[in-house]
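Each remark here refers to the structure printed beneath this line.
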Amino acid sequence: MEKNPGPSPGAGVEQPRCPMRNTRQSLPAREARSARRVVRGRRRRERLAEVAKGP
């Protein structure tokens with residue numbers, strides 16, 4: 345009964361899809377993409393505001 349191929353009691357230690365476990369690395373791809381899109385949009389707005397001010 346020791347050699348069962350099923351999940352061992354300690355198998356749930358490293359699950360890659362737990363969003364709030366640590367930093368951006370273990371975020372699901374969908375959340376990482378949305379975060380990148382938010383940052384990109386913010387930078388784009390800042391750049392457009394700088395350009396709109398003119399020389």
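The opening position of the sequence shown corresponds to residue 345 in the working numbering, with each subsequent residue numbered one higher. Think of the CB as a built atom: it goes at the ideal place given N, C-alpha and C, for glycine as much as any other residue. Model, not experiment: these values are computed from the prediction.
With H, G and I counted as helix, E and B as strand and the rest as coil, what does DSSP make of residue i?
i	result
PRO399	coil
Between the alpha carbons of residue i and residue j, how many angstroms are there, rounded?
i	j	result
ALA379	PRO399	32 angstroms
ARG391	VAL383	12 angstroms
VAL395	PRO372	35 angstroms
GLY385	GLU375	15 angstroms
ARG377	ARG389	18 angstroms
ALA393	ARG387	10 angstroms
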